[in-house]
Amino acid sequence: MTDSFRSGLRLGIPFGIVAFVLSLSFGVLARQAGFSALQAIVTSALVFAGSAQFAALSIVAGGGGVAAALSAATLMNGRFLAMGIALAPSLPGGPLARAAQGQAVVDASWALANRGDGTFDRWLLFGTTVPQYVAWVSGTVIGALAGDVLGDTERLGLDAVYPSVFLALLVAELKQARARKVAAVGAGIALCLVPLTPPGLPILAASAATLIGLGGRHR
Amino acid sequence: MTLWLLIAGCIVTTALIKAAGPVIAGGRDLPAWFMSIAALMAPALLAALVVTAALADGQRLGVGAHTAGVAVAGVLLWRGHSVVLAVGAAVVVTATLRALA
């Protein structure tokens, strides 16, 4: 347990660095969209879901209402439903304990804790989340309080950070031919749905690509 | 005030969504087919996150400077370089392309 937790802490550091850069730009953009510094920091500390925060922010910045922003954030979070179901058998304890442990799920931690056989190393997951959480909150604090110094974050190329991080996690998952096939189908489903559905839904729908796994097993 | 309402809503829905899977599907042994689906969830969701973040802007598909940056990161990662190096290269390529444009 503690070994897993410790290696999780180590594995989480590069993702923490990346989370810091991302949350820095969240802090800056939140201020520009009309959030107070306190509101930006509370959001990062208690929501702690990057893509949902950016989704809500882009709607607020575009002049959208609370309902639209909240739905966008919730759809973005839809994938945590799929991740949580996959993780569930690896979490001990009663419903409340499992619900609490589920809060530690962020994309990088969940992907790294995945043993590849359908089970997850939960202590590795908790460990990997710690540096990312610390970095996420501190990046937001700095971005929200000192963001004016940075100026336009898009000019700095920071919007390339988020997809590159997921690509790093994805590359590590592609050792098996079946995983490569599922990834290709998942990407295809998502791209087809982008013009047709609100953002977030294409990602959740991509989870249907895992059904390929069933076909392979029973043949 | 409305922003606080939005923030509170995001806190509650995110916590509920993260709790839902472990509460609903936990606490019992699940069949083999479930485990084989669970094992493949990561490549499916990560691939979808990558392509939507690199190629979609809201509901519009298209390429930008950041798409090139992400492609460079992909090549570096495929050759076994570290995440931090790949992300750094992606940022530099994207920023340089935008500065030249």
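Sequence lines, in order, name chains A and B.
Plus 53 on top of the position in the first sequence (first one is 1) and you've got this note's numbering.
Plus 6 on top of the position in the second sequence (first one is 1) and you've got this note's numbering.
For each residue, glycine too, the CB sits at the ideal point set by N, CA and C.
- Taking the C-beta atoms as reference points, A240/A is found no nearer than 8 Å to L227/A.
- Residue-level contact check: T181/A does not touch chain B, since none of the beta carbons of chain B fall below 8 Å from its beta carbon.
- For A107/B, there is no enclosing alpha helix (DSSP H), as DSSP marks it with neither H nor E.
- Relative to A60/B, the option among V97/B, P28/B, H87/B and A48/B whose CA is nearest is V97/B.
- Closest in C-alpha terms to V76/B, from the list W10/B, R85/B, A95/B and A45/B, comes A95/B.
- Counting C-beta pairs closer than 8 Å gives fewer than three between the segment 19 to 30 of chain B and the segment 192 to 207 of chain A, which falls short of the contact rule.
- Residue pairing from DSSP places D63/B in a beta bridge opposite R66/B.
- Look at T193/A: its C-beta is not under 8 Å from any C-beta on chain B.
- The Cβ-Cβ distance between I265/A and V247/A does not fall below 8 Å.
- Residues of chain A whose Cβ lies closer than 8 Å to the Cβ of G32/B are, in chain order, A141, P142, L144, P148 and R151.
- Against chain A, a Cβ distance below 9 Å from P37/B picks out nothing, because the smallest value is about 10 Å.
- If you draw a straight line from the Cα of A86/A to the Cα of S76/A, it is about 15 Å long.
- F173/A sits in a strand when the DSSP states are folded into three classes.
- Taking a beta-carbon distance threshold of 8 Å, R85/B does not count as an interface residue toward chain A.
- G61/A is a Cβ neighbour of T181/A, given a cutoff of 8 Å.
- With a 10 Å radius around the Cβ and a threshold of 16 neighbouring Cβ atoms, L178/A comes out buried.
- The beta carbons of L144/A and R175/A sit about 6 Å from each other, so the pair counts as a contact at 8 Å.
- Residues of the segment 50 to 69 of chain B with a C-beta atom less than 8 Å from some C-beta of chain A are A50, L51, L52, A53, A54, L55, V56, V57, T58, A59, A60, L61, A62, G64, Q65, R66 and L67, listed in chain order.
- Chain order gives the chain A residues near V90/B as P67 and I70, where near means a beta carbon separation below 7 Å.
- Within the segment 214 to 250 of chain A, no run of beta strand (DSSP E) at least 3 residues long lies entirely inside it.
- For D160/A, the enclosing alpha helix (DSSP H) starts and ends at D160 to A166.
- Secondary structure at A45/B: helix, using DSSP grouped into helix, strand and coil.
- In this structure, DSSP gives R84/A a helical state, which the three-state scheme calls helix.
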